[in-house]
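Residue numbers (this note's numbering): 25 to 229.
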């Protein structure tokens, strides 16, 4: 038994993490926490990436606001466009409430620095009618972005253009920089629920 555990300890550890995340997502989706969002992590280390204008943008620039963070790439064939499309509905609802940009911001961080040039990301943003007054599209070196993903507890693997993997999860961060929730991103068979996301955001305002 000991030899089996030693031989397969990595697979066992990965499986345990997958089950833990699946359990957490089920817990939050069913709202078993009584409506309150727990603090999953007391602080997210600050980071600075480059925006579409080539200017540095620090995560701490948005301290005091609720932030939703998603790792994506523009040529993603499935979950990224679905999640972004659904989050446009969240953006529009927050604009109706007068809080988008002023109290809530989105951070879309590219995991593909090889192909996601500022021009490519700008076309991606414009294609979805993302309002850049409160929606930041950021890029940086592959290793740095992977490290930022790790700080959020999210998987980002991007050693080269042909091997890019990322978690399809949006991290919800409160005004004090505390991680409050993982929101499952959209998929073809199960789109993201914009109404539920807005509800979670409003719990923090």
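By construction, the Cβ of each residue, glycine as well, lies at the ideal position given by its N, Cα and C atoms. Small disclaimer: the values here were computed from a predicted structure and weren't measured.
- Residue nearest to residue 218 within the set 137, 141, 88 and 109 is 109 (criterion: CA-CA distance).
- DSSP places residue 70 outside both helix and strand once states are collapsed to three, so it counts as coil.
- Under the 8 Å Cβ criterion, the region 180–188 does not count as touching the region 198–209, having fewer than three qualifying pairs.
- Residue pairing by DSSP places residue 228 in no beta bridge whatsoever.
- Straight-line spacing of the CA atoms in residue 139 and residue 166 works out to 11 Å.
- Secondary structure of residue 192 (DSSP, three-state): coil.
- Per DSSP, the unbroken alpha helix (DSSP H) holding residue 113 starts and ends at 103–120.
- Rounded to the nearest angstrom, the Cβ distance from residue 93 to residue 194 is 7 Å, consistent with a contact under 8 Å.
- Looking only at 84, 95 and 80, the smallest Cα-Cα distance to residue 174 is reached by 95.
- The region 112–130 makes contact with the region 144–160: 3 or more CB pairs, one atom from each, lie closer than 8 Å.
- With a threshold of 16 other beta carbon atoms within 10 Å, residue 149 meets it and is buried.
- The beta carbon of residue 67 sits closer than 7 Å to those of 201 and 202, all from its chain and outside the five residues before and after it, given in chain order.
- When DSSP states are grouped into helix, strand and coil, residue 213 belongs to the coil group.
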